[in-house]
Amino acid sequence: MSEKTEMNLFMGPQHPSMHGLWSLRLTIDGETVVNSDCQIGYLHRSYEKLLANRSYEQGIPITDRLCYVESHSYSTAYTYAIEGIYGIEAPEKANWIRIMTLEIQRIASHCLWLAAMSVDLGQLTMLIYPMTARELLINLLETITGARMTYNYARIGGVYRDLPHKITEKIENSLEEFTRLHQEFLDLLEESQIFRMRTEGIGVLSKEDALSFGVSGPMLRASGVPFDIRKADPYMGYDQLKFEIPTREEGDSFARYRVRLEEMEISMGLILQALDKYNELKPSDPYRLEKIPRRPPKGRIYRRIEAARGEAGFFIESDGTPSPYRVRIRSPTFNNLAPLPQLIKGGKLADIPAVMGTVDLCVGDLDK
Amino acid sequence: MSVTLSRTPEVTPERGNNILNKIFRFFHVRPIYVVLRTMLRVPTTNLYHPIHVSHSQYPYVAERYRGLLALSEEACTGCKKCERICPNKTIIMQTREINGKEYRFPAYFAGRCMKCGLCEEVCDRQFAIRHTDQFEDAGYIREQLFYSAERMFDMWEKHIQPRIDAGIAHVAVPDKRRVEKEYFAEQEEKRKEQDKADPRIY
């Protein structure tokens, strides 16, 4: 007598390990995942229309709210795209400030990811350690921009304000403190056999699949593709800095974890390099272009930057009015989530948080 | 084998797979050591309570922090720039009749204000509308979140004027004084009496 043993299970939209409002409809056979289906759209706020209804300057604080973990990356990407529409370039000083704040933001974002991922895996001690480290970087961003989460620091043709006095010492001290905490992350997670058993060889994403799904960012680099927009399509003077791209060949959860932690170290060096370049300039040099016209010329442009999760791009079509005619947001999380049903297929139910945690989801960014 | 800070960034390699490390991993030696070491550290959390304002544990507020808005009654010309730039349209212009003439002043609803700072930035001639460092903006009723021009003047007197006097903040551009303080005080008293007589307003 044949018996049907499959059953449906809804994970989310309110579930502690879902990182926000989205739902995973699972078909399971015992403990094994047979099939799964991602259901998104719970947090849709119609961002593209919101931006098209506002003038270019008013849109900048709106793009800050796209992703609450790394808001500065998105507002900088938006202003960078607007600069392309206007056909202007930000002054050199503004670019170094942007690079510095972007890299601080990247480390802060990875810290929050580390805390959330380890809690998903049951390492509750690890919740506190990255949060303590993130506090250092958030304090830095607060002194520079004036806010802790939604900075609104990027402007068309520069940044809001110059860096405050004595910021060099403060950044160096904070990063020195951060290196000590970074060593603790490595010791706490990697040097535990449980963490290795739960992540190694789980959720393997092959190189071909990663490329065909349009995956970007650390997830792509963990699958063995050394693609980083900072190197491949340099923007804002990244081509003048020396750094390498951490890559891994395995493509499993452990590789994705390790690539992000290595990226933090690379970013620390980039902050110091950009700070040196900034200090070479005179204090009287401009940090922002003055007198930008209200109406840009007609045209369309797509520009992208490397956010903490991957490629964050903005397509803008201008019809010569003060507000954009159409804005299209290319958010990294949407493409990074796409291969998830394939990654968890055939695996155990308890492996889902281990896979999902290393994808680094941000639903605000996913649903737009 | 330890993380170092340098200008030419290098990646710290993994610890090797030798027997000692494998035994350490199996018994979680290094994680336990880190946790025990952290127990000896000074706590990083701060106690927070409004009575700690003069206390050393009062939360650190950056100089550039954008809190509740304040308005200078001397400098504001009612040019509507802040109303036009506000992305949430939370700033509205209120018309007031003073000595037979009509004047406009901005007022805003703090519940919808996202503290973006665009109104402050656009007021670059008069320096009339400013962000203070006040972050305690919760209220029990909806009306407490509505900041009329008078309440914004009060915020200026309390939080911006001392900073100007001490030379920390910018100096407001003095314009001709068209608003009489006494007039506003009278209006405020009248309104309070009305509120007492008809509590349904709240």
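Protein chains in written order, with the numbering used here: chain A, 65 to 432; chain B, -3 to 198.
Note that beta-carbon positions come from the ideal geometry of N, C-alpha and C, so glycine has one too.
query = Could you give the distance in angstroms between the alpha-carbon of A:A211 and the alpha-carbon of B:F20?
reply = Between A:A211 and B:F20, the C-alpha separation is close to 43 Å.
Cutoff 8 Å: B:H24 Cβ touching any chain A Cβ = With 8 Å as the cut-off, B:H24 counts as an interface residue toward chain A.
message = Assuming the contact rule is C-beta atoms closer than 8 Å, A:N117 and A:S387 should be a hit. Round their C-beta distance to whole Å, please.
response = 7 Å
message = So that I know if they touch, is there some Cβ in chain B lying closer than 8 Å to that of A:Y147?
response = Correcting the residue type first, residue 147 of chain A is Glu in the shown sequence and not Tyr. Not one chain B Cβ lies under 8 Å of A:E147.
request  = Taking only beta carbons into account, state which residues of the stretch 0 to 27 of chain B come closer than 9 Å to chain A, listed in chain order.
outcome  = T0, L1, S2, R3, T4, P5, E6, V7, T8, E10, R11, N17, K18, F20, R21, F22, F23, H24, V25, R26, P27
task = Quick one: using the 10 Å Cβ neighbour count with 16 as the cut-off for buried, is B:Y56 buried or exposed?
result = exposed
request  = Reducing DSSP to helix, strand and coil, say where B:E6 ends up.
outcome  = Assigned with DSSP and collapsed to three states, B:E6 falls in coil, not helix or strand.
task = Pull out every residue of the stretch 52 to 71 of chain B whose Cβ sits closer than 9 Å to any Cβ of chain A, in chain order.
result = Y56, V57, A58, E59, R60, Y61, R62
query = Hey, is B:L141's beta-carbon within less than 8 Å of any beta-carbon in chain A?
reply = no
request  = Using only alpha-carbon positions, find the residue among B:E139, B:L114, B:P27, B:A58 that is nearest to B:A106.
outcome  = B:E139
ask   = Does DSSP put A:E370 in a helix, a strand or coil?
value = strand
inquiry  = Pairs of beta-carbons, one from the stretch 294 to 311 of chain A and one from the stretch 395 to 402 of chain A, closer than 8 Å: are there three or more?
reply    = no
ask   = Which one of A:G428, A:I330, A:E381, A:N343 has the shortest CA to CA distance from B:P9?
value = A:I330
task = Tell me whether the beta-carbon of A:G374 lies closer than 8 Å to the beta-carbon of A:M283.
result = Against a cut-off of 8 Å, the Cβ pair of A:M283 and A:G374 comes out as a contact.
query = Closest Cβ-Cβ distance between A:G186 and chain B: below 8 Å?
reply = So no, A:G186 is outside the interface.
task = Can you give me the Cβ contacts of A:I126 inside the same chain, cut-off strictly under 8 Å, excluding the 5 residues immediately before and after it?
result = Y111, L114, L115, R118
task = Buried or exposed for B:D161, please, with buried defined as at least 16 other CB atoms from any protein chain shown within 10 angstroms of its CB.
result = The residue in question, B:D161, is exposed, as its Cβ has fewer than 16 Cβ neighbours within 10 Å.
ask   = Looking only at C-alpha atoms, which of B:K186, B:G74, B:L114, B:H155 sits nearest to B:D129?
value = B:H155
key: Sequence-distant residues of its chain with Cβ nearer than 6 Å to A:S173 (five each side left out)   = Cβ neighbours of A:S173 beyond the five flanking positions: V133, E134, A372.
ask   = With distances taken between CB atoms, is the gap from A:L325 to A:L250 smaller than 8 Å?
value = Judged by their CB atoms, A:L325 and A:L250 are nearer to each other than the 8 Å cut-off.
query = Should the stretch 179 to 199 of chain A be called in touch with the stretch 336 to 349 of chain A, which here means at least 3 C-beta pairs below 8 Å?
reply = no
request  = Under 7 Å between beta-carbons, which chain B residues line up against A:M332? List them in chain order, please.
outcome  = Against chain B, the beta carbon of A:M332 has neighbours under 7 Å at L1, P5, listed in chain order.
ask   = Does B:V30 have its Cβ less than 8 Å from a Cβ in chain A?
value = With its beta carbon less than 8 Å from one in chain A, B:V30 belongs to the interface.
query = Between which two residues does the alpha helix (DSSP H) containing B:D150 stretch?
reply = 145 to 151
inquiry  = Quick check: is the beta carbon of B:C112 nearer than 8 Å to any beta carbon in chain A?
reply    = yes
inquiry  = Under 8 Å, Cβ to Cβ, is there at least one residue of chain A near B:P39?
reply    = no
key: 8 Å contact criterion, which A:A158 and A:G222 should meet: CB distance rounded   = Going by Cβ atoms, the distance from A:A158 to A:G222 rounds to 4 Å, so yes, they are a contact pair.
inquiry  = Residues in the same chain with beta-carbon distance under 6 Å from A:G358, minus the five sequence neighbours each way, listed in chain order, please.
reply    = The sequence shown places Arg at residue 358 of chain A, not Gly. Answer for A:R358: P386, listed in chain order.
key: Opposing strand residues paired with A:N72 [DSSP bridges]   = A:T91
message = Below 9 Å on C-beta distance, what does A:R345 contact in chain B?
response = It should be noted that the sequence gives Leu, not Arg, for residue 345 of chain A. Ordered by position in chain B, no residue passes the 9 Å Cβ test against A:L345, which lies about 17 Å from the chain.
key: First and last residue of the uninterrupted alpha helix (DSSP H) at B:C78   = 77 to 81
A:G333 in three-state terms, based on DSSP = helix
message = Any C-beta of chain A within less than 7 Å: which residues of the stretch 75 to 91 of chain B qualify?
response = I81, P83
inquiry  = B:K77 and B:R31 - do their beta-carbons sit closer together than 8 Å?
reply    = Going by the sequence as given, residue 31 of chain B is Val instead of Arg. Cβ distance not < 8 Å, so B:V31 and B:K77 don't count as in contact.
key: Other residues of its chain near A:I149: CB distance less than 7 Å, five sequence neighbours each side excluded   = Only P360, G363, I365, I380, S382 meet the Cβ criterion.
task = Check the Cβ of A:L336 against every Cβ in chain B and list those closer than 9 Å, keeping chain order.
result = Neighbours of A:L336 across chain B, judged by C-beta separation under 9 Å: L1, S2, R3, P5.
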